[in-house]
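Participant: The structure is given below, and queries will be raised subsequently.
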């Protein structure tokens, strides 16, 4: 069973975030035709106005482009220098089949990733240490228990709720039956019923209970 791991990294890469306080949420990492690492990320926060100049002055950054300006957040494309790649763990992660799912950068980098097993995860951490990169584990849990951070709903609960909604299961009259939906998802009726109940409970817990009523009457 694959693992979901959350860990904190401290590297000199994108250190400008400290001088131009902003929150960076990584969207994608890939290589350019010139074999350079390119990052696509959304930036938010108080330092948003000064971030582009700070990135342009960063010795780790070869080029920076603003792709989208959406009010309080901006989408940037940044190509890293060849020297900066030594501070990136992305290639090391790929070698150990560790898949980066999300990264949030403030004064440090917090990553959520998928690892095939603990052996691969600890080999990845050891290789980071060999490169002088500190990797501090925060949480490790099974993929089945991974919540999407969308109202506390797990991936499988989200999948069940979405399929039920699209198939008209919550409509009156119902557009499909529990058995039909379970067959479509390849699980038993009992498993689907449990996922729907737990998913709806999590949804209500993170919406109605947390927000409370706006008015009474």
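Residue numbers (full-length UniProt numbering): 1 to 217.
We treat Cβ as the ideally placed atom computed from N, Cα and C, and that holds for glycine.
Is the segment 114-132 touching the segment 88-106 in the sense that three or more CB pairs, one from each, lie closer than 8 Å?
Facilitator: yes
Participant: Would you call residue 172 buried or exposed, if buried means 16 or more other Cβ atoms sit within 10 Å of its Cβ?
Facilitator: exposed
Participant: Quick test of the definition: if touching needs 3 or more C-beta pairs under 8 Å, does the segment 154-162 touch the segment 101-116?
Facilitator: They do not touch, by the three-pair rule.
Participant: From which residue to which residue does the alpha helix (DSSP H) around residue 193 run?
Facilitator: 189-204
Participant: Hey, could you find the ends of the alpha helix (DSSP H) residue 129 is sitting in?
Facilitator: In the DSSP assignment, residue 129 falls within the unbroken alpha helix (DSSP H) covering 118-130.
Participant: Whose C-beta lies closer than 7 Å to the C-beta of residue 48 among residues of the same chain, with five residues either side of it excluded?
Facilitator: 22 and 74
Participant: From residue 50 to residue 58, what distance separates their C-alpha atoms?
Facilitator: 12 Å
Participant: Quick one: what's residue 6 bridged to in DSSP?
Facilitator: Partner(s): 112 and 139.
Participant: For residue 4, count neighbouring C-beta atoms within 10 Å of its own C-beta (all shown protein chains included) and say buried if the count is 16 or more, exposed if not.
Facilitator: Taking all protein chains in view, the Cβ of residue 4 is crowded by 16 or more other Cβ atoms within 10 Å, so the residue is classified as buried.
Participant: Residue 121 and residue 99 look like a contact to me (Cβ under 8 Å); what is the Cβ gap, rounded to whole Å?
Facilitator: Not quite, the Cβ-Cβ distance comes to about 12 Å (not below 8 Å), so this is no contact.
Participant: Considering only residues of the segment 39-68, which uninterrupted alpha helix (DSSP H) runs meet the minimum length of 4 residues and lie entirely inside it, listed in chain order?
Facilitator: 48-57
Participant: Under a three-way DSSP split, which group does residue 216 fall into?
Facilitator: Per-residue confidence for residue 216 stands at a pLDDT of 44, beneath the threshold of 50, marking its modelled position as unreliable; no derived number is given.
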